[in-house]
Amino acid sequence: MGSLNEIVSYIGSSGINLLETLKFIARGRVNIENTAVQTVKAGIGSLFIVVTTQSFIGLAMSTQLAKEFEKLGAEAFIGGFIGLATVRELAPVISAIVVAGRVGAAISAEIGSMKVTEQIDALRVFGINPLRYLLVPRLIAASMVNPLLTIIAAIVSIMAGMVLSNASVDVSYSAYLNSVRQFVMVRDVFIMMFKAVVFGGAIAIIATTTGLEVKNGAESVGNATTKTVVWSIMAIFTLNYIITSMFF
Amino acid sequence: MPGIEDQQTIINFENVDLSFGRKKVLDALSFKIFPREIVTIAGPSGSGKSTILKLISGLLKPDSGEITIRAGRFGMAFQYGALFSSLTVRKNISLALEETTNFSKWEISGRVRESLETVKLGHTINMCPGELSGGMQKRISIARALALHPEILLYDEPSTGLDPPTAAKLEEDMLRFRDKIGLTSVVVTHDVETIKHVSDRVLILDKGHIVWQGTNEEFTNDNSPYPASFRERKYVEEIKTRQRRV
Ligand SMILES: Nc1ncnc2c1ncn2[C@@H]1O[C@H](COP(=O)(O)OP(=O)(O)O)[C@@H](O)[C@H]1O
Ligand SMILES: [Mg+2]
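Protein sequences, first through last, are from chains F and X. Sequential numbering from 1 applies to the first sequence in this note's numbering. Sequential numbering from 249 applies to the second sequence in this note's numbering.
Here's what the structure looks like:
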């Protein structure tokens, strides 16, 4: 992963890129067309993976819980339990990991190869700030797409749990959903969305910063995508803990 | 102490030093370029030619020394085109105008057509860079720079990787830009044919500074070691074999 020095300077340049980007956004210097393209690209690329991973997580969780809760005669709480675990932790974290692997890696590869082929230099020679042109749309796209995917993830996971609980321990759909409603508060959903916005933004920043740091050579474009995924996952877990401990 | 000559320069480098890490690439580099001339900076691979263009265009800052540019806009024709690979030819050319000027859609599309016609590639307007040959990409890169109506055009190895007829055509274009629109051109190259074909003046770069300079005629006729060895391509070949051995 490199020396402590490198890590500190990497976090520093990510932070600077974030501030620069927020300045452009605050001044309304946003390319709508680009942002729309990036949003669609990120969403379509990740949707299938998010739905697949989350349905299996819902299924696995309810497989575990149904049997245990049945022994305790607590089948009525299965929905609430799965709902809370999903909304508070699993949906935002797992979706963000999918987005890091799918969208973050793609952003890094794209921007890294733009760097190697002097396209970034070309932007700068023409007076186009690469952060404004490349990072602003991707930051906005990731911060919008990730919450959407996270909501879909939560719904899919809870539904998968519902179907399996019904099949294995005969909890009715309405009892399951009532339990979800009883335990999962609107506040939980808002915090989930907040996490998703932060994670999406972090992924875009990390991916772009890493891409722009690529030096010549195809090998380092490959390294950049790996680095993006690793750093994004570490950022997701760290930020998740920080946000969780802020609100709960 | 700006003298008369000094006031006429469009680009002036004075004692410019630049290192990458511990490697000193430019060492007390000084040269002057005047309006409307085509100057080639010749030097072997790795001698710092692209670095000089990056200093002129502001992509790099010198460690020390003085760089003075008396021009508004400049364009850069990149060695491998550096076309934006996800954008069409049209968008490649219009992007900078859309992002940095208040020109209307009409004006911009006029500029796109005009500059594509200049390099005779009007038919590629809706194509993507991936569909074009290397030579075409380089010429689009020039069109992209011309669309900004620059006062200075920087060329990085314009003929490298092109077959001789294509290179010759491109060099004709470079001369035409000087004669028709009074463009100042800085051409970095290690190709002797290009040097002889386009240069008003030639600067030879070695060990971080200019070791010889003169007019095209002097470059062709001077029998002192630098231009002579360069002309006979010995210089370039020597460097190549040296590199191969490493
Ligand atoms: N960004 C950079 N970081 C480190 N070294 C560089 C960088 N750019 C160029 N160099 C080195 O500086 C020297 C000159 O490079 P360059 O200007 O590209 O040479 P030329 O264009 O004449 O072939 C080379 O040895 C190259 O490896
Ligand atoms: Mg070069």
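Backbone N, C-alpha and C define an ideal beta-carbon position, used for all residues, glycine too.
Residue i in three-state terms, based on DSSP
| i | result |
| --- | --- |
| D439 (chain X) | coil |
| Q38 (chain F) | helix |
| H445 (chain X) | helix |
| N129 (chain F) | coil |
| T348 (chain X) | helix |
| V184 (chain F) | coil |
| K272 (chain X) | strand |
| G58 (chain F) | helix |
| V171 (chain F) | coil |
| D411 (chain X) | coil |
| E118 (chain F) | coil |
| G45 (chain F) | helix |
| G306 (chain X) | coil |
| L164 (chain F) | helix |
| L84 (chain F) | helix |
| S334 (chain X) | coil |
| G251 (chain X) | Its pLDDT being 49, under 50, G251 (chain X) is placed unreliably by the model, and nothing is read from it. |
Which listed residue (the options) has its alpha carbon closest to that of residue i
| i | options | result |
| --- | --- | --- |
| E272 (chain F) | F:L65, F:V99, F:K115 and F:I152 | Beyond the ends of chain F as shown, which are 1 and 248, falls residue 272 (chain F); an answer cannot be given. |
| P398 (chain X) | X:S295, X:G291 and X:R318 | X:R318 |
| P310 (chain X) | X:F268, X:I390 and X:T408 | X:F268 |
| A325 (chain X) | X:D421, X:I429 and X:D448 | X:D421 |
| T442 (chain X) | X:D265, X:L423, X:L431 and X:L335 | X:L423 |
| G45 (chain F) | F:E6, F:D170 and F:A141 | F:A141 |
| K297 (chain X) | X:Q327, X:R270 and X:F351 | X:Q327 |
| G306 (chain X) | F:T117, F:A235 and F:F126 | F:F126 |
| L164 (chain F) | F:A74, F:K67 and F:T210 | F:K67 |
| R338 (chain X) | X:K280, X:A391, X:A416 and X:G294 | X:A391 |
| F24 (chain F) | F:Y133, F:M193, F:I158 and F:I243 | F:Y133 |
| F332 (chain X) | F:A122, F:D170 and F:R88 | F:A122 |
| I152 (chain F) | F:V197, F:I32, F:V51 and F:L212 | F:V51 |
| I341 (chain X) | X:G320, X:M375, X:S312 and X:L308 | X:M375 |
Those residues which DSSP pairs with residue i across a bridge
| i | result |
| --- | --- |
| H371 (chain X) | According to DSSP, H371 (chain X) bridges with nothing at all. |
| L401 (chain X) | X:G323 and X:S433 |
| K280 (chain X) | X:N260 |
| P450 (chain X) | Here the sequence assigns Val to residue 450 (chain X), which means Pro is not the residue at that position. Its beta-bridge partners are X:T288 and X:G462. |
| G329 (chain X) | X:F326 |
| L266 (chain X) | X:L274 |
| E314 (chain X) | X:E262 |
Buried or exposed by the 16-neighbour rule on C-beta atoms within 10 Å, applied to residue i
| i | result |
| --- | --- |
| W354 (chain X) | exposed |
| G104 (chain F) | buried |
| V8 (chain F) | exposed |
| M384 (chain X) | buried |
| L18 (chain F) | buried |
| Y241 (chain F) | exposed |
| R187 (chain F) | exposed |
| I289 (chain X) | buried |
| E75 (chain F) | buried |
| P413 (chain X) | exposed |
| T226 (chain F) | exposed |
| Y176 (chain F) | buried |
| E314 (chain X) | exposed |
| Q182 (chain F) | exposed |
| A167 (chain F) | exposed |
| H371 (chain X) | exposed |
| I400 (chain X) | buried |
Residue i Cβ short of 7 Å to ligand 3 heavy atom set
| i | result |
| --- | --- |
| K297 (chain X) | The model on display carries ligand 1 and ligand 2 but not ligand 3. |
Interface partners of residue i on chain C, CB under 9 Å
| i | result |
| --- | --- |
| F332 (chain X) | The structure shown contains no chain C; its protein chains are F and X. |
Requested in this report: Taking a Cβ distance cut-off of 7 Å, strictly less, list which residues of the segment 104-119 of chain F are near chain X, in chain order.
Outcome: T117, E118 and Q119
Report task. Give, in chain order, every residue of the segment 146-157 of chain F whose Cβ lies closer than 8 Å to some Cβ of chain X. Result -> none
Query raised in the report: Just by C-beta distance, which residues in the segment 304-330 of chain X are closer than 9 Å to chain F?
Result: S305, G306, L307, R321, F322, G323, M324, F326, Q327, Y328, G329 and A330
Query raised in the report: Listed from N- to C-terminal order along the chain, which residues in the segment 336-367 of chain X have their beta-carbon within a distance smaller than 8 Å of any beta-carbon of chain F?
Result: L343, A344, E347 and T348
Query raised in the report: Using a beta-carbon distance cut-off of less than 9 Å, what residues from the segment 263-280 of chain X approach chain F?
Result: none
Query raised in the report: Going along the chain, which residues of the segment 124-141 of chain F sit with their C-beta nearer than 8 Å to a C-beta in chain X?
Result: R124, V125, F126, G127, I128 and Y133
Query raised in the report: Any residues in the segment 32-45 of chain F with a beta carbon nearer than 7 Å to a beta carbon of chain X? Which ones, in chain order?
Result: none
Report task. Could you list the residues in the segment 156-182 of chain F with a C-beta less than 8 Å from some C-beta on chain X, going in chain order? Result -> none
Requested in this report: Check distances from the C-beta atoms of the segment 216-239 of chain F to those of chain X and list, in chain order, the residues that come in under 8 Å.
Outcome: none
Report task. Could you list the residues in the segment 446-472 of chain X with a C-beta less than 8 Å from some C-beta on chain F, going in chain order? Result -> none
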